[in-house]
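Here the sequence shown is numbered in my numbering, starting from 325 and rising by one per residue.
Since the structure comes first, as structure tokens, the remarks are kept for the end.
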Amino acid sequence: MEIDRDKIRSFRKKNKLTVTQVALYIGKSRNTVTNWEQGKSIPEKTDIFALAHLFGISMKDISNYENLPSLGKENITKQKEQQSVIEEIDNIIKKHGNIPDVSIKPLKIILNENRRLVSTNRSLSKTNMRLKSVISSINEIIYIKDGNRILRNVNDRFLDLLQAGLTSEDVIGSKAIDIFGRREIEDIVILENEVFETGKSIADHQVKIPGSFGKKQGLISIEPILDENDEVIEIAVSIKDISDIVENAERLNLLERIINSLDVCVWIEIPYSDKYEFLSKGIEKITGLKPEEIINDPTKGRSIILDEDFEKFKVDKLTGYLDHGTYQFRIKHKDGSLRWIENTIYRDYYKGKVINYGINEDITKEKEAENINQLLKRSLDGICDAVFLKNKKNTKYLFVNKAVEKLYGYSRKIFYDDCNFWFEKCLHEDDKKNELKYRKKEKWPVKHNVRIKDSKGKVKWIEERVFTWGNYFLIMEKDVTNRYYDELRLSFLSSALNKAKVGVYAFDKTKWTSKPYKYIPHARGKRYNFLFLNKGAVNIYGYPIEKLMGDKGLEFWLNECIHPKDRETEEKYWVDSSWPKKRSFRIIRSDGKIRTVESHIYEGEEDYSFVVETDVTDLLTEKNKNKL
């Protein structure tokens, strides 16, 4: 607060008042007023108001306080006139008080009464000034209207509603409708008229604050001021700005609606009070119980937890409270089903009290997915093929099964820790170029063979199958080293056999083949499959290899290639799965020529047999000629 002491002295002298007179008028000691003018102390706001009132000026003229209404200069004049009358009567009494013929008793009575009235007036004036100062400092909009709806008094908060620069002098004597317009105050005018007509108070009625264009809300209270006939002559109005309260309430309602729309349950409780301060509607989605059911009986919410799960928490099920933390347990839903719940508890202080609050969430689907995931992991750990699951960016392995350790000789942890370990340490150098090409395109062949090196440096051929799901790759690897070399040897052998003039073929005698067909009538369910047929056999029969190696190759061989006179004998061999090691039979070639074939059968291991056939037609013809 800033006070201009020089201006206080200046205005005092301008009004021809002594320090003593100023002190007397405002109810202070002479020393106090002197100290103000000398800057040794600072007057209170009510004292500044009293000085301004006495000098007929505004508070801003001698301080940095906002203006308050003053009585004007005529107030000083009246007080000075009263003081002059008192001094004149006092001088008459002093001059003539000792003369017997002059009766000055009435003058003394008038003097004493005048002094009493002046003292009373001064006290009332001081009280009035202090009341105005207090009203001005109240953080509510306050104004007084008379029966003609004219503003008679307003406080600083009322002035804050007006345009900048307007003072109380601009407002007092005007009508509110002229200041704000009818639309801004029409709901307030209705309430004011009601008080004028009924003489009854109105308290805390919500209205729009004038001058805010409907953006601010307030609580209005109106008190009637009555005359001696109990007629309303004025009304005192106060409006408390509750805009922040209304806005916060609206935000709270919005927040509550949002929370109640969630699938989770949000709750607040005071520990050991058996009372929920808040319980969202999500509890019904989780438990099947309505919020009010648990609010009315908090033990009901704990009673649906499975006993074996609650025993892990080591607290009493009905009266105990869990400490802050995260807990997972099962409950029995109202529909009888079991649900997994995750309860996260927090602890805080509110108004000096400990409160618990938290979130309950139904994690049944997550738990089921977790159980399925564990089952799949155990299943994948039990298969012989190596399995990797990783993201497309090749930054992390999500799963590596046990077969990887057997195939590579490295611990699974190495792959989890370093996703590039496979490429840098395991993949054969000659296959890295193709792998980089696949990674760049993010596209791998569904099945392809690559070479890897295990922990001992041994090179292995693996068959790799890659499956894509969204942002993930599932890679299955099988060690095909032996099969690779077997196929390589078979390739060399096939090449050599294809150069031979004799016919060579192999067949499988097992009952399990790729397609369950029955070649031979009355074959008692036996099935056969040609595994290999060289070019020499094709040359002997004259048919393309597809005919003899197809799904019905054996049936075609018996019905189309074997001579009708030898067909029954050959069929018996195949039905009984028993062949002489050496036999001859006639065939009919694709060109219709009848040829004689000599067949040698060699029983292989397990259920495989090999046959070598030679066209001996020309040899038999030569022998017959020699005999003749």
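From the three backbone atoms N, C-alpha and C, an ideal C-beta is built for every residue, glycine too.
Minimum C-alpha distance to residue i - residue among the options
{"i": "G794", "options": "R581, K717, G676", "result": "K717"}
{"i": "S597", "options": "D672, N463, K677", "result": "K677"}
{"i": "K491", "options": "S567, M383, T650, I594", "result": "It should be noted that the sequence gives Thr, not Lys, for residue 491. Minimum Cα distance to T491 is reached at M383."}
{"i": "V826", "options": "S661, S923, P595", "result": "S923"}
{"i": "H648", "options": "E593, E694, L662", "result": "E593"}
{"i": "K771", "options": "V495, K764, I799, G542", "result": "I799"}
{"i": "D875", "options": "F831, E894, D915", "result": "F831"}
{"i": "N572", "options": "I557, Q541, F520", "result": "Q541"}
{"i": "I776", "options": "I669, A710, K614, W898", "result": "A710"}
{"i": "I549", "options": "E521, L646, L760", "result": "E521"}
{"i": "H752", "options": "V783, R702, Y762", "result": "V783"}
{"i": "E927", "options": "G916, T719, P904", "result": "P904"}
{"i": "T668", "options": "G523, I687, L613", "result": "I687"}
{"i": "E616", "options": "K609, V804, L603", "result": "L603"}
{"i": "I925", "options": "E884, F934, I327", "result": "F934"}
{"i": "S815", "options": "D551, W898, S443, N858", "result": "N858"}
{"i": "N975", "options": "V828, G877, E892", "result": "Because residue 975 is not part of the residues shown, which for the chain are 325 to 952, the question remains open."}
{"i": "I683", "options": "R581, R813, W591, V519", "result": "W591"}
{"i": "W664", "options": "F379, L543, E690", "result": "E690"}
{"i": "I569", "options": "I583, S545, R581, Q530", "result": "Q530"}
{"i": "F379", "options": "K340, I628, T358, N359", "result": "K340"}
{"i": "N659", "options": "D621, K609, K636, G489", "result": "A small correction: the amino acid at residue 659 is Asp; Asn does not occupy that position in the sequence shown. Considering only alpha carbons, the answer is K609."}
{"i": "K917", "options": "K896, E894, E937, D942", "result": "D942"}
Extent of the continuous beta strand (DSSP E) run through residue i
{"i": "T491", "result": "Note, T491: premise wrong, no beta strand (DSSP E); not H, not E."}
{"i": "V770", "result": "From DSSP, V770 is part of no beta strand (DSSP E); its letter is neither H nor E."}
{"i": "T688", "result": "Run containing T688: none in the beta strand (DSSP E); it sits in the alpha helix (DSSP H), 688 to 705."}
{"i": "I366", "result": "Note, I366: premise wrong, no beta strand (DSSP E); not H, not E."}
{"i": "I466", "result": "465 to 470"}
{"i": "L341", "result": "Segment: none, L341 is in no beta strand (DSSP E) and carries neither H nor E."}
{"i": "F602", "result": "599 to 603"}
{"i": "E326", "result": "Where E326 is concerned, there is no enclosing beta strand (DSSP E), given that its DSSP letter is neither H nor E."}
{"i": "I594", "result": "589 to 594"}
{"i": "F747", "result": "That residue, F747, is in no beta strand (DSSP E); it is neither H nor E in DSSP."}
{"i": "Y721", "result": "721 to 724"}
Residues sharing a beta bridge with residue i, DSSP
{"i": "Y796", "result": "N715, W793"}
{"i": "V936", "result": "V828, H924"}
{"i": "A710", "result": "E801"}
{"i": "L857", "result": "Y829"}
{"i": "R907", "result": "S923"}
{"i": "W898", "result": "BP columns for W898 are empty, so no partner."}
{"i": "Q652", "result": "E666"}
{"i": "S735", "result": "None, per the DSSP bridge assignment."}
{"i": "R671", "result": "N680"}
{"i": "K499", "result": "I474"}
{"i": "I912", "result": "I918"}
Proximity of residue i and residue j at Cβ, strictly below 9 Å
{"i": "T611", "j": "I655", "result": "yes"}
{"i": "T618", "j": "I533", "result": "The sequence given here has Ile at residue 618, not Thr. Against a cut-off of 9 Å, the Cβ pair of I533 and I618 comes out as no contact."}
{"i": "T342", "j": "R336", "result": "yes"}
{"i": "S901", "j": "V921", "result": "no"}
{"i": "I496", "j": "V478", "result": "yes"}
{"i": "N806", "j": "I786", "result": "no"}
{"i": "R473", "j": "E508", "result": "no"}
{"i": "Q652", "j": "E666", "result": "yes"}
{"i": "F854", "j": "L872", "result": "yes"}
{"i": "H887", "j": "I911", "result": "yes"}
{"i": "L274", "j": "F723", "result": "What is shown of the chain runs 325 to 952, which leaves residue 274 out entirely."}
{"i": "K761", "j": "C743", "result": "no"}
{"i": "R919", "j": "D890", "result": "no"}
{"i": "R476", "j": "E601", "result": "no"}
{"i": "P769", "j": "N680", "result": "no"}
{"i": "K352", "j": "D330", "result": "no"}
{"i": "G866", "j": "L821", "result": "no"}
{"i": "N715", "j": "F791", "result": "no"}
For residue i, the first and last residue of its enclosing alpha helix (DSSP H)
{"i": "K609", "result": "606 to 611"}
{"i": "W881", "result": "W881 -> no alpha helix (DSSP H), and no H or E assigned at all."}
{"i": "W360", "result": "354 to 362"}
{"i": "K876", "result": "Note, K876: premise wrong, no alpha helix (DSSP H); not H, not E."}
{"i": "L475", "result": "Not the alpha helix (DSSP H): L475 falls in the beta strand (DSSP E), residues 475 to 478."}
What runs of the beta strand (DSSP E), each 3 residues or longer, lie entirely inside the stretch 505 to 573? 526 to 532, 541 to 550, 556 to 565
Any chance you could list the alpha helix (DSSP H) runs of at least 4 consecutive residues sitting entirely within the stretch 617 to 645, in chain order? 623 to 627, 631 to 634
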